[in-house]
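Notes to accompany the following structure.
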Amino acid sequence: MDTETIEGVITPVMYSWGHQAVIDVIRQQLVPCQETLDLCAGRGDLVLPGTGDCYVPDLAYVPDELAKTEGALQPDRTLLVVEATSAETADTDRVVKRRRYAQFGAPLYLLVDREERSCTLFSEPGELGYTRVEGPHPFGVAVRLPDPFQLDLDTREF
Numbered sequence: 004m005d006t007e008t009i010e011g012v013i014t015p016v017m018y019s020w021g022h023q024a025v026i027d028v029i030r031q032q033l034v035p036c037q038e039t040l041d042l043c044a045g046r047g048d049l050v051l052p053g054t055g056d057c058y059v060p061d062l063a064y065v066p067d068e069l070a071k072t073e074g075a076l077q078p079d080r081t082l083l084v085v086e087a088t089s090a091e092t093a094d095t096d097r098v099v100k101r102r103r104y105a106q107f108g109a110p111l112y113l114l115v116d117r118e119e120r121s122c123t124l125f126s127e128p129g130e131l132g133y134t135r136v137e138g139p140h141p142f143g144v145a146v147r148l149p150d151p152f153q154l155d156l157d158t159r160e161f
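As structure tokens, this is what we get:
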């Protein structure tokens, strides 16, 4: 079982099949981008320096050369971080992780809110949070992923 440290609390990470199904749909749609942009997709650790926190995102995209290094990466080294909520993690994904990913420079944060049945893309990170928000878009509405992806993410299968 994976664990995360969120706001100093060690938290187990568990994934339901429904949760994994959403992540698989996203991963499959991004395969062409992954190949073209030389990216690695996965659940590698993301460390938040100076906080003691370490997140395990549901899915993150990083340049291949960074994925070959040992240890955790910082959020600003990612190109896209994806979190899909579950009943147990919804508030953390919506509030805490969104704030922390912005503070530590993750350029794109896609929140797939399975309880609200919506997707929101956060971009342009800053110390106080993301300054650009696209959504929430109900499932079924495409979500545009900007540079470097340039892809309309189909959310009908979520």
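For what it's worth, my numbering labels the leading residue of the sequence shown as 4, then goes sequentially.
Every residue, glycine too, gets a C-beta built ideally from N, C-alpha and C.
How is Asp96 classed by DSSP in three states: helix, strand or coil?
helix
Any idea what DSSP makes of Asp48, helix, strand or coil?
coil
Using the Cβ count rule (16 or more neighbours within 10 Å means buried), how would you classify Glu130?
exposed
Would you mind stating whether Glu10 and Cys57 have Cβ atoms separated by less than 8 Å?
no
Judging by CA-CA distance, which residue of Arg117, Asp27, Thr72 is the nearest neighbour of Asp96?
Out of Arg117, Asp27, Thr72, Arg117 has the C-alpha closest to the C-alpha of Asp96.
Going by DSSP in three states, Thr158 sits in which element: helix, strand or coil?
Three-state result, Thr158: coil.
Just grab the DSSP bridge partners of Ala63 for me.
Gly45, Val84
Using the DSSP secondary-structure output, state which residues sit across from Val16 in a beta bridge.
Asp5
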